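So the sequence shown is numbered by the working numbering: it starts at 258 and just counts up by one.
Structure, as structure tokens:
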Amino acid sequence: MWKPEHRLSAQRSGLRYPSDLTDAEWAIAEPMIPPARSGGRPRDVNVREVLNGIFYVLSTGCQWLALPKDLPPKSTVHHYFMLWDWDGTLERIHHALYVAVREHEGREASPSVAIIDSQSAKGAQKGGLRSTRRALMRARRSRVASGTFSSIRSACC
Numbered sequence: 258m259w260k261p262e263h264r265l266s267a268q269r270s271g272l273r274y275p276s277d278l279t280d281a282e283w284a285i286a287e288p289m290i291p292p293a294r295s296g297g298r299p300r301d302v303n304v305r306e307v308l309n310g311i312f313y314v315l316s317t318g319c320q321w322l323a324l325p326k327d328l329p330p331k332s333t334v335h336h337y338f339m340l341w342d343w344d345g346t347l348e349r350i351h352h353a354l355y356v357a358v359r360e361h362e363g364r365e366a367s368p369s370v371a372i373i374d375s376q377s378a379k380g381a382q383k384g385g386l387r388s389t390r391r392a393l394m395r396a397r398r399s400r401v402a403s404g405t406f407s408s409i410r411s412a413c414c
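See below:
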């Protein structure tokens, strides 16, 4: 149940976007960010802003092109998103923030009870998406399965 103290702790009104990291969240996430590769150009991007950009896209569901101009360029944010999804950094950050929120609320780090309805059980049997990246990608369609493509090809060639 939402109590006034819960609402106050969950309030994100002082941030630029509700999806931005607070200083406390950044303190948890920062040590999990892999260091820049040795050799080559030094990293000149603000990694906190990159993470804010990733969280913005994930929380709003907007397209990469619709990323606000005050965040890093979409190509930079997308590059780090793909890299950190591949090496498990996003999963580690999510888990650490999840545990911190539960402990802040006075709960155990991992839930001891789960409620599964019939729809969740059906979805779990078929297997869910492995990664966040696949959930954001458009489904690929075969050109052969597309009647439009085959009719255009036969008409023009």
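Ideal placement from N, C-alpha and C gives every residue a C-beta, glycine not left out.
Only a predicted model underlies this, so the values are computations on that prediction, with no experimental measurement involved.
Quiz item: Should Gly-345 be labelled buried (16 or more other beta-carbon atoms within 10 Å of its own) or exposed?
Solution: exposed
Quiz item: Excluding five sequence neighbours on each side, which residues of the same chain lie with their C-beta closer than 7 Å to the C-beta of Ser-270?
Solution: none
Quiz item: In whole angstroms, what is the alpha-carbon distance linking Pro-261 and Leu-322?
Solution: 38 Å
Quiz item: Taking C-alpha atoms, which residue in Val-370, Arg-359, Met-339 lies nearest to Leu-307?
Solution: A small fix is needed here, since residue 307 is Val in this sequence, not Leu. Ranking Val-370, Arg-359, Met-339 by Cα distance to Val-307 puts Met-339 first.
Self-check item: Reduced DSSP category for Asn-309 - H, G, I as helix; E, B as strand; rest coil
Solution: helix
Quiz prompt | Ile-285 - containing alpha helix (DSSP H), residue span | solution = 280 to 286
Quiz item: If you draw a straight line from the alpha carbon of Leu-272 to that of Met-289, how long is it in whole angstroms?
Solution: 22 Å
Quiz item: How about Tyr-313 and Tyr-274: do their beta carbons lie closer than 7 Å?
Solution: yes
Quiz item: Roughly how many whole angstroms lie between the Cα atoms of Ala-357 and Ala-281?
Solution: 10 Å
Exercise. Measure how close the beta-carbons of Val-302 and Thr-333 come, nearest whole angstrom, since I'm counting them as under 8 Å.
Key: 6 Å
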